[in-house]
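Visitor: Supplied in structure tokens, the structure appears directly below.
In the working numbering, the protein residues as written are -3 to 518.
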């Protein structure tokens, strides 16, 4: 290793005994810039993926159990069945539905109302860590309980849903009552049509019937004092006893169930801690479900906390409340959307989901891990990181051509010296290793300088905190995540490319024959 290494270092110097030749300097700088660019971009794209994963997992669980049905009332039995699966550290039910949130004259549509169990939620979600105002105390009222079921389904007791003898067929009582009223009205109309005219057959002296007016009742033309001219009020206000509003009374607001809103939603609706908001289901008017007439549901809540997930999509479109309060917006009683779980290692979430599928192998339930739930987002981030890394890797390849050009110039310039060395007994392997060492030295120096520059760039981006438009990128700062493994891979890639670039010039120099070299010099 001594002679080939000394020869490689000598050839990297200039003819004027300078420290290093100009060609070597440009080759090293090309490799360094390529390595710095690739390392910085990999850190930024990796930071985006890590930031999005942190934001997603901050307000979402790692694994979900869902049911191929809107009726999921046996969730407690399912939770007890899977809670001992290895890797699960927390388990809790949840309900999630789109709602409209209103505060005063401001409204926000498309808001997802998520109902959680206050006791189990901290073991599954990192929501308490993201709360910047208030706390989760008061999320569930002291007397809260699951709502009653308002409609029947195929899973209810057949005795309560079987058709009854007597013609009603087990139909909805309200519809039966309406049909009876219509039938009575038709009978009354038919009787009036067939009866003789009272003015033709009767007289004024006939005795009054039971429907006659009292003696003190007004008669004749009556005109109100203000005349018949009326004016509608500017605002359609109803008396408090007709339309009670809990938000008007501060004492009533204190007794309302709690709700946790995002930072952006708080700013959009001008909310404060203790503010009264109204959450309305998307059903406008009347909804007909299995023959039942259901009125639209609107409930008032009190803002008890504000969270900042750092992800504008969540901060503006997600709110949390008690599980029982969220269930009251539906008509399925104590039913949930699914069960969410937290695992000890998020990289093993998919394996845990497969274990749950094996435990619940009945075709009714299915599982989803966090990456599958956000498949589009993380796939796009992964493709972006790969493509940008490939594009910037071309810079290193371009620098490798500079290495090739530098070594070719060295071989052509040192032909006579190479011929003398071979005539003095230098082997082909020694010359081959000398030029390979030269490429390795250029790669090592360039990679070291490039990694140092990349680390400085990443540090500067972290200190400066390059701002981003949260409405476009969903995050407010450029994320940077420096991984030693990725930096090492970039350095190894640069050295290997430089070594590959030296193979052809090194083989040309090793195959050079002294006689041919001296003949060309004459």
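In this text, a Cβ means the ideal position worked out from N, Cα and C, and glycines have one as well.
Under 8 Å, with one C-beta from each stretch per pair, do the stretch 43 to 61 and the stretch 335 to 347 reach the 3-pair mark?
Guide: The stretch 43 to 61, when compared against the stretch 335 to 347, does touch it at the 8 Å Cβ threshold.
Visitor: Taking the straight line between their C-alpha atoms, what separation do you get for residue 448 and residue 45?
Guide: Residue 448 and residue 45: Cα-Cα distance of roughly 23 Å.
Visitor: Find the nearest neighbour of residue 502 within the set 404, 486, 488, judged by alpha-carbon distance.
Guide: Comparing Cα-Cα distances from residue 502 to each of 404, 486, 488, the minimum goes to 404.
Visitor: Following the continuous beta strand (DSSP E) through residue 336, name the residue where it begins and the one where it ends.
Guide: Residues 334 to 339.
Visitor: Give the range of the alpha helix (DSSP H) segment to which residue 380 is assigned.
Guide: Element bounds for residue 380: 371 to 409.
Visitor: Between the C-alpha atoms of residue 74 and residue 260, what's the straight-line distance to the nearest angstrom?
Guide: Straight-line Cα distance between these residues: approximately 36 Å.
Visitor: Rounded to the nearest angstrom, what separates residue 487 and residue 263 at their Cα positions?
Guide: So the two alpha carbons sit approximately 47 Å from each other.
Visitor: Using 8 Å as the threshold, is the C-beta distance between residue 322 and residue 293 below it?
Guide: No, Cβ-Cβ distance for residue 322 and residue 293 is not below 8 Å.
Visitor: Secondary structure at residue 103, three-state DSSP: helix, strand or coil?
Guide: Three-state result, residue 103: strand.
Visitor: Taking the beta strand (DSSP E) that residue 3 belongs to, which residues open and close that run?
Guide: Run containing residue 3: none in the beta strand (DSSP E); it sits in the alpha helix (DSSP H), -2 to 8.
Visitor: Rounded to the nearest angstrom, how far is the Cβ of residue 348 from that of residue 84, given a contact under 8 Å?
Guide: About 7 Å; that satisfies the 8 Å criterion.
Visitor: According to DSSP, what are the bridge partners of residue 93?
Guide: 109.
Visitor: Could you tell me which of 297, 374, 7, 506 sits nearest to residue 136, measuring between CA atoms?
Guide: When only C-alpha atoms are compared, the closest one is 297.
Visitor: On a CA-only basis, which of 391, 53, 97, 116 is nearest residue 319? Give me that one, please.
Guide: Taking only the C-alpha atoms, the option nearest residue 319 is 116.
Visitor: Return yes when the Cβ of residue 442 is within less than 8 Å of the Cβ of residue 490, no when it is not.
Guide: Yes, the Cβ-Cβ distance between residue 490 and residue 442 is below 8 Å.
Visitor: Is residue 48 helix, strand or coil when you go by DSSP?
Guide: Residue 48: helix per DSSP, three-state reduction.
Visitor: Could you tell me which uninterrupted beta strand (DSSP E) segments, each at least 3 residues in length, are contained entirely in the stretch 51 to 83, listed from first to last along the chain?
Guide: DSSP runs (the beta strand (DSSP E)) wholly in the stretch 51 to 83: 59 to 63.
Visitor: Does residue 327 come out as helix, strand or coil in the three-state DSSP assignment?
Guide: In this structure, residue 327 counts as coil in the three-state DSSP scheme.
Visitor: Under 6 Å Cβ to Cβ from residue 450, same chain only, skipping five residues before and after it: list those, please.
Guide: Counting only Cβ-Cβ distances below 6 Å, and skipping sequence neighbours, we find 32, 35, 36.
Visitor: Between which two residues does the beta strand (DSSP E) holding residue 122 run?
Guide: Segment: none, residue 122 is in no beta strand (DSSP E) and carries neither H nor E.
Visitor: Can you tell me whether residue 452 is buried or exposed? The criterion is at least 16 other CB atoms within 10 Å of its CB, across all chains shown.
Guide: Exposed, because fewer than 16 other Cβ atoms sit within 10 Å of the Cβ of residue 452.
Visitor: Give me the Cα-Cα distance between residue 107 and residue 255, rounded to the nearest whole angstrom.
Guide: One C-alpha to the other measures close to 13 Å.
Visitor: Can you name the start and end residues of the alpha helix (DSSP H) that residue 315 belongs to?
Guide: Element bounds for residue 315: not the alpha helix (DSSP H) but the beta strand (DSSP E), 314 to 318.
Visitor: Just to confirm before moving on: does the CB-CB distance between residue 392 and residue 24 stay below 8 Å?
Guide: No; because the gap between Cβ atoms is not below 8 Å, this pair is not in contact.
Visitor: Quick one: grab the DSSP three-state call for residue 136.
Guide: Here residue 136 sits in coil by DSSP.
Visitor: If we count Cβ pairs, one from each stretch, closer than 8 Å, do we get three or more for the stretch 110 to 124 versus the stretch 78 to 94?
Guide: Cβ pair count under 8 Å is three or more, so yes.
Visitor: Pick helix, strand or coil for residue 307, following the three-state DSSP scheme.
Guide: Coil at residue 307, not helix or strand.
Visitor: Pull up the distance between the alpha-carbon of residue 508 and that of residue 386, whole angstroms please.
Guide: The alpha-carbon atoms of residue 508 and residue 386 are separated by roughly 36 Å.
Visitor: How would you write the range of the beta strand (DSSP E) that residue 503 sits in, first residue to last?
Guide: Counting along the chain, residue 503 falls outside any beta strand (DSSP E), though it belongs to the alpha helix (DSSP H) covering 480 to 507.
Visitor: Taking only heavy atoms of the ligand PLP into account, decide whether any of them is closer than 7 Å to the Cβ of residue 268.
Guide: The ligand PLP is not among the ligands present in this structure, which contains no ligands whatsoever.
Visitor: Looking only at DSSP bridge pairs, what is residue 364 linked to?
Guide: Answer is 60, bridged to residue 364.
Visitor: Please look up how many angstroms separate the CB atoms of residue 360 and residue 64, rounded, as I've assumed it's under 8 Å.
Guide: At roughly 6 Å, the Cβ-Cβ gap stays under 8 Å, so residue 360 and residue 64 are in contact.
Visitor: Looking at the C-beta of residue 324, does it have a partner C-beta in chain B at a distance below 8 Å?
Guide: In the structure shown, chain B cannot be found, because there is only a single protein chain.
Visitor: Compare the C-alpha of residue 353 against each of 77, 42, 38, 22 and name the closest.
Guide: For residue 353, the nearest C-alpha among the options comes from 77.
Visitor: With DSSP run on the structure shown, which of helix, strand or coil describes residue 463?
Guide: Strand at residue 463.
Visitor: Taking the beta carbon of residue 126 as the centre, do at least 16 other beta carbons fall within 10 Å, making it buried, or is it exposed?
Guide: The residue in question, residue 126, is buried, as its Cβ has 16 or more Cβ neighbours within 10 Å.
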